[in-house]
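> Okay, here's the structure, questions in a sec.
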Amino acid sequence: MMRCRPFRYHAPRTVAEAAKILRGEGPDAMVLAGGTDVIPNLKRKQFAPRTLVALRRIGELRTASDDGLTLGAATTLDAIARHAALPEAHRAARIAASKVATPQIRNRGTIGGNLCLDTRCTYYDQSAEWRQAIDFCKKAPGPHGTAIETPVEQGICWVAPGSPRCWAVSSTDAAPALIALGAEVTLVSADGERTIPLTDLYADDGMAFLTKKRDELLTAVRLPAAVEGWRSTYWKLRRRGAFDFPILGVGAALKLDAGGTVEAARVVLGAVASRPLPVDTSGLVGGPLSDEAIDAFAAKAAGPAKPLDNTDFTLHWRKRVVRAWVAGALRELRGDDSEEASLLSRSAARIPEPLSV
Amino acid sequence: MNDGSPPDPTPLGRKLLMELHVNGETQEVAFLPHETLLEVLRERMDLPGTKHGCELGECGACAVLVDGRPELSCLRLAIECGDAEVTTVEGLIRDGQLDPIQEAFADLGGAQCGYCTPGILVTARALLDENPSPDRDEIAEALSGNLCRCTGYLQIFESVEEAARVGAASSATGEVTS
Ligand SMILES: Cc1cc2nc3c(=O)[nH]c(=O)nc-3n(C[C@H](O)[C@H](O)[C@H](O)COP(=O)(O)OP(=O)(O)OC[C@H]3O[C@@H](n4cnc5c(N)ncnc54)[C@H](O)[C@@H]3O)c2cc1C
Ligand code: SF4
Ligand code: FES
Ligand code: FES
Chain A
274 MMRCRPFRYH APRTVAEAAK ILRGEGPDAM VLAGGTDVIP NLKRKQFAPR TLVALRRIGE
334 LRTASDDGLT LGAATTLDAI ARHAALPEAH RAARIAASKV ATPQIRNRGT IGGNLCLDTR
394 CTYYDQSAEW RQAIDFCKKA PGPHGTAIET PVEQGICWVA PGSPRCWAVS STDAAPALIA
454 LGAEVTLVSA DGERTIPLTD LYADDGMAFL TKKRDELLTA VRLPAAVEGW RSTYWKLRRR
514 GAFDFPILGV GAALKLDAGG TVEAARVVLG AVASRPLPVD TSGLVGGPLS DEAIDAFAAK
574 AAGPAKPLDN TDFTLHWRKR VVRAWVAGAL RELRGDDSEE ASLLSRSAAR IPEPLSV
Chain B
37 MNDGSPPDPT PLGRKLLMEL HVNGETQEVA FLPHETLLEV LRERMDLPGT KHGCELGECG
97 ACAVLVDGRP ELSCLRLAIE CGDAEVTTVE GLIRDGQLDP IQEAFADLGG AQCGYCTPGI
157 LVTARALLDE NPSPDRDEIA EALSGNLCRC TGYLQIFESV EEAARVGAAS SATGEVTS
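Taken in order, these protein sequences are the chains called A and B.
Adding 273 to a residue's 1-based position in the first sequence gives its number in this note's numbering.
Adding 36 to a residue's 1-based position in the second sequence gives its number in this note's numbering.
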């Protein structure tokens, strides 16, 4: 059996109490929501918190507002996937939640945990013994890992050995979809509460990937009221139709006027950087969603995506597929086939991958 | 409200005594705060029906029902189960009778080596409880978190379909099957 190392376990009943404990415990404490990311990482000794602060007794984190647009951070992904109250314009949120992991994991995993998901890397998501055998990398520089998010200057990066930073990949499915929808998140600490655009929660660094302070609790996600004309989708690329983290996620939301002209657009890429990557959509706005406009935009969107050799599939192919996937998502929003219906769906094998070198 | 709560916070590295509700019975069990439900079921409650595969959420062999919904016992701390009703494969047997799903798997070759079977049986039970006549796609989706290395899944799908037919037939005659 792979086992967790001993920790102390707190289960406060209110957000205020949880914030107080997190403040008191300092960097040795970690939040436990569904645990579907924390527990495997603990078993692999990627970090070793002395204390876990569990959210399961905090009822206020599981409630949704009457308009259905504010979701408590401990809402399960399954509940979001089935969230009837979400307007059709926000269906990207439901799609993204429904494509995470497996049914059993969605029954347990929460939206807050998904947004705060640890970044991933082939050299990091391994047992302590595996990592020791090639020597620990800087994200988890010892046999018991390190406190998550604590930058460590020394240590090597196996993906980019000369690099001062860690390039572990932001792998949350919900974040690109929710950023495209214009979501905000509320963070609470012993000092009080602040609400920020979800995109500002992230930083492009594999270790310090959240701007949230360690003792801040993410309490809620707020979606904007749906406005006439907006539509959204989320496309996810993975090797298998279940289990796998995204190799690429495309969250896209568009506002079209009655004549089909793009009035506003937000497109966000997942799993191509250490943070969800918003794409500049100014080139799309003001024109129709023609094949030419979509192709030109997709080609440009692929530019900043810099996959490295630390997830599944070869990186050149992953870079190339960004263009096809962005174009597919936009064509769906124009009214063409959905990801499932399109030929590209389900099995990534349908876009032939060049032989690995 | 008493939900069988342990002390808060739990003392480091010391066992706690907690009531767990498993397969319709309440038992007081001693375990460490960092043990998963999988470890406690197998090693402290003598319920080895639930299998350990990857222990990292990547196979579904350890699935159990928590308040009727399938979850992975390798990813859930036992200390988080005090207020829940847990059902393992052992709990599918009622009054000495196999669940129709178990019968169907035995009859139709839904189990070969059997390692994935307990997780699949409980997950399929939850599906049929929610949706008594699922189509093939719905079965595949519900079982998409359960890997099987032997059967190729076809016999598994057929077994679940057979159990659904038996369930429909017996509920038509008023017999309670689950
Ligand atoms: C086999 C497998 C496949 C997976 N596939 C996917 C996938 O395809 N896509 C995907 O996005 N994820 C995937 N996951 C990861 C994970 O299951 C989900 O992201 C899930 O939503 C995490 O939520 P949780 O509640 O379980 O988080 P936890 O594990 O409890 O927490 C995750 C992180 O967030 C922090 N945290 C949690 N809640 C809060 C809060 N309210 N405030 C502050 N910090 C918080 C924790 O401290 C921890 O750092 C997979 C996991 C496994 C094991
Ligand atoms: S990107 Fe480099 S430093 Fe970061 S986890 Fe991977 S190997 Fe380690
Ligand atoms: S043992 Fe729990 S999912 Fe594999
Ligand atoms: S019967 Fe052998 S793994 Fe499924």
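Virtual Cβ for every residue (Gly too), placed ideally from N, Cα, C.
Would you mind telling me which residues of chain B sit closer than 7 Å to Gln282 (chain A), beta carbon to beta carbon, in chain order?
Taking the first sequence and counting its residues from 1, one reaches residue 282 (chain A) at position 9. For the record, residue 282 (chain A) in the displayed sequence is Tyr; it is not Gln. Going along chain B in sequence order, the residues near Tyr282 (chain A) (Cβ under 7 Å) are Pro45, Thr46, Pro69 and Ile115.
> What's the gap between the Cα of Ser207 (chain B) and the Cα of Phe141 (chain B)?
Here residue 207 (chain B) is taken as the residue at index 171 of the second sequence, counted from 1. Here residue 141 (chain B) is taken as the residue at index 105 of the second sequence, counted from 1. If I take the Cα positions, the gap works out to 20 Å.
> List, in order along the chain, the chain A residues whose C-beta lies closer than 7 Å to that of Ser180 (chain B)?
Numbered from its first residue, the second sequence carries residue 180 (chain B) at position 144. Those are Thr375, Pro376, Gly514 and Ala515, listed as they occur along chain A.
> Looking at the strands, I want to know which residues DSSP matches up with His417 (chain A).
Translated into positions along the first sequence, residue 417 (chain A) becomes position 144. DSSP lists no partner for His417 (chain A).
> The beta strand (DSSP E) that contains Arg467 (chain A), what's its start and end?
As a working mapping, residue 467 (chain A) is identified with position 194 in the first sequence. Taken as a continuous stretch (DSSP letters only), the beta strand (DSSP E) holding Arg467 (chain A) covers Gly465 to Pro470.
> Can you tell me the Cα-Cα spacing of Val122 (chain B) and Ala574 (chain A), whole angstroms?
Translated into positions along the second sequence, residue 122 (chain B) becomes position 86. Translated into positions along the first sequence, residue 574 (chain A) becomes position 301. Near 48 Å, if we compare the C-alpha coordinates of Ala574 (chain A) and Val122 (chain B).
> Smallest Cα separation from Thr248 (chain A): which of B:Gly145, B:Leu190, B:Gly203 and B:Ala176?
Within the shown structure, residues of chain A are numbered from 274 to 630, placing residue 248 (chain A) beyond reach of any answer.
> Ligand 3 and Glu457 (chain A): does any heavy atom of the ligand fall closer than 8 Å to the residue's C-beta?
Stepping through the first sequence from its first residue, residue 457 (chain A) is reached at position 184. No; taking the cut-off as 8 Å, the Cβ of Glu457 (chain A) has no heavy atom of ligand 3 nearer than that.
> Between the C-alpha atoms of Leu529 (chain A) and Leu562 (chain A), what's the straight-line distance to the nearest angstrom?
By one-based count along the first sequence, residue 529 (chain A) stands at place 256. By one-based count along the first sequence, residue 562 (chain A) stands at place 289. The straight-line gap from Cα to Cα measures roughly 9 Å.
> How is Leu616 (chain A) classed by DSSP in three states: helix, strand or coil?
Within the first sequence, residue 616 (chain A) is the residue found at index 343, counting from 1. The predicted model places Leu616 (chain A) with a pLDDT of 49, which falls under 50 and marks its position as unreliable; any figure quoted below should be read in that light. If DSSP states are grouped into helix, strand and coil, Leu616 (chain A) belongs with coil.
> Step through the CB atoms of chain B and report whether any lies within less than 9 Å of the CB of Lys316 (chain A).
Locating residue 316 (chain A) in the first sequence gives position 43, counting from the first residue. So, interface residue.
> Note down the Cα distance separating Glu612 (chain A) from Arg467 (chain A), rounded to an integer number of angstroms.
If you number the first sequence from 1, residue 612 (chain A) lands on position 339. If you number the first sequence from 1, residue 467 (chain A) lands on position 194. Straight-line Cα distance between these residues: approximately 36 Å.
> Could you check whether the Cβ of Thr309 (chain A) sits closer than 9 Å to any Cβ belonging to chain B?
Working through the first sequence from its first residue, we reach residue 309 (chain A) at position 36. Chain B contact via Cβ: present.
> Along the chain, which unbroken stretches of the alpha helix (DSSP H) at least 4 residues long are found entirely within the stretch 331 to 363 of chain A?
Counting only runs of 4 or more, we get 350 to 354.
> Tell me whether the beta-carbon of Pro470 (chain A) lies closer than 9 Å to the beta-carbon of Gly455 (chain A).
Here the question's residue 470 (chain A) lines up with position 197 in the first sequence. Here the question's residue 455 (chain A) lines up with position 182 in the first sequence. Cβ distance < 9 Å, so Pro470 (chain A) and Gly455 (chain A) count as in contact.
> Note the first and the last residue of the continuous alpha helix (DSSP H) segment covering Glu166 (chain B).
Position 130 of the second sequence, counted from the start, is the residue given in the question as residue 166 (chain B). Its alpha helix (DSSP H) spans residues Thr153 to Glu166.
> Considering only heavy atoms of ligand 2, does any lie closer than 8 Å to the CB of Lys579 (chain A)?
As a position in the first sequence, residue 579 (chain A) is number 306, starting the count at 1. Outside the cutoff, so no.
> Please classify His417 (chain A) as buried or exposed, where buried requires at least 16 other C-beta atoms within 10 Å of its C-beta.
Counting from one through the first sequence, the residue named residue 417 (chain A) turns up at place 144. Per the 10 Å Cβ criterion, exposed.
> For Gly435 (chain A), verify whether its CB is less than 8 Å away from any heavy atom of ligand 2.
Walking along the first sequence from the start, residue 435 (chain A) turns up at place 162. Because no heavy atom of ligand 2 lies under 8 Å away, the Cβ of Gly435 (chain A) does not count as near it: no.
> So, helix, strand or coil for Pro279 (chain A), using DSSP?
For the purposes of this step, residue 279 (chain A) is taken as the residue at position 6 of the first sequence. Of the three classes helix, strand and coil, the one that applies to Pro279 (chain A) here is coil, per DSSP.
> Using only the heavy atoms of ligand 1, determine whether one of them is closer than 8 Å to the beta carbon of Asn380 (chain A).
As a first step, residue 380 (chain A) is located in the first sequence; it is residue number 107 there, counting from the start. For ligand 1, not one heavy atom lies less than 8 Å from the Cβ of Asn380 (chain A).
> Hey, Leu108 (chain B) and Gly96 (chain B): beta-carbon distance below 9 Å or not?
Taking the first residue of the second sequence as 1, we reach residue 108 (chain B) at position 72. Taking the first residue of the second sequence as 1, we reach residue 96 (chain B) at position 60. Contact: yes.
> Measuring only the C-alpha atoms, how far is Glu91 (chain B) from Cys98 (chain B)?
In the second sequence, counting from the first residue as 1, residue 91 (chain B) sits at position 55. In the second sequence, counting from the first residue as 1, residue 98 (chain B) sits at position 62. Computed Cα separation, rounded: 8 Å.
> Does Pro285 (chain A) get closer than 9 Å to chain B when you measure Cβ to Cβ?
Start at 1 with the first residue of the first sequence, and residue 285 (chain A) comes out as number 12. Judged by the 9 Å Cβ criterion, Pro285 (chain A) is in contact with chain B.
> So does Ile429 (chain A) have its beta carbon nearer than 8 Å to some heavy atom of ligand 6?
Ligand 6 is absent from the structure shown, which contains only ligand 1, ligand 2, ligand 3 and ligand 4.
> Using only alpha-carbon positions, find the residue among B:Ala199, B:Gly60, B:Asp44 and B:Ile192 that is nearest to Thr153 (chain B).
Position 117 of the second sequence, counted from the start, is the residue given in the question as residue 153 (chain B). Of the candidates B:Ala199, B:Gly60, B:Asp44 and B:Ile192, the one whose C-alpha sits nearest the C-alpha of Thr153 (chain B) is B:Ile192.
> If you drop the 5 nearest sequence neighbours on each side, which residues of the same chain put their C-beta closer than 7 Å to that of Pro519 (chain A)?
Here the question's residue 519 (chain A) lines up with position 246 in the first sequence. Result list for Pro519 (chain A): Ser444, Asp446, Lys509, Leu510, Arg511, Gly543 and Ala544, in chain order.
> Counting contacts by CB-CB distance shorter than 9 Å, is Val102 (chain B) in contact with chain A?
If you number the second sequence from 1, residue 102 (chain B) lands on position 66. Answer yes: the Cβ-Cβ gap between Val102 (chain B) and chain A drops below 9 Å somewhere.
> Using a Cβ-Cβ cut-off of less than 7 Å, list which residues of the stretch 80 to 105 of chain B approach chain A; keep chain order.
From the stretch 80 to 105 of chain B, only His88, Glu91, Leu92, Gly93, Glu94, Gly96, Ala99 and Arg105 have a Cβ closer than 7 Å to chain A.
> For Gly307 (chain A), verify whether its CB is less than 8 Å away from any heavy atom of ligand 3.
Translated into positions along the first sequence, residue 307 (chain A) becomes position 34. It does not: the Cβ of Gly307 (chain A) is nowhere closer than 8 Å to a heavy atom of ligand 3.
> What three-state label does DSSP hand Ser214 (chain B) in the structure shown?
Indexing the second sequence from 1 puts residue 214 (chain B) at position 178. For Ser214 (chain B), the pLDDT reaches just 47, beneath the cut-off of 50, and the residue's location in the model is therefore unreliable, although a value from the coordinates is still provided. If DSSP states are grouped into helix, strand and coil, Ser214 (chain B) belongs with coil.
> Where in the stretch 441 to 492 of chain A do unbroken runs of the beta strand (DSSP E), each at least 3 residues long, occur, reported from the N-terminal end onward?
Runs found: 457 to 462 and 465 to 470.
> Applying a beta-carbon distance threshold of less than 9 Å, which residues of chain A neighbour Glu75 (chain B)?
For the purposes of this step, residue 75 (chain B) is taken as the residue at position 39 of the second sequence. Met274 and Arg276, listed in chain order.
> Check whether the Cβ of Phe518 (chain A) lies closer than 8 Å to any heavy atom of ligand 1, and answer yes or no.
On the first sequence, position 245 is the one that residue 518 (chain A) refers to. For ligand 1, at least one heavy atom lies less than 8 Å from the Cβ of Phe518 (chain A).
> For Thr640 (chain A), return the contacting residues in chain B, with the cut-off set at a CB-CB distance below 8 Å.
Past the edges of chain A, shown from 274 to 630, lies residue 640 (chain A), and the structure says nothing about it.
> Provide the residue(s) that pair with Val122 (chain B) in DSSP beta bridges, ordered along the chain.
Here residue 122 (chain B) refers to the residue found at position 86 of the second sequence. B:Val58 and B:Val102, per the DSSP bridge assignment.
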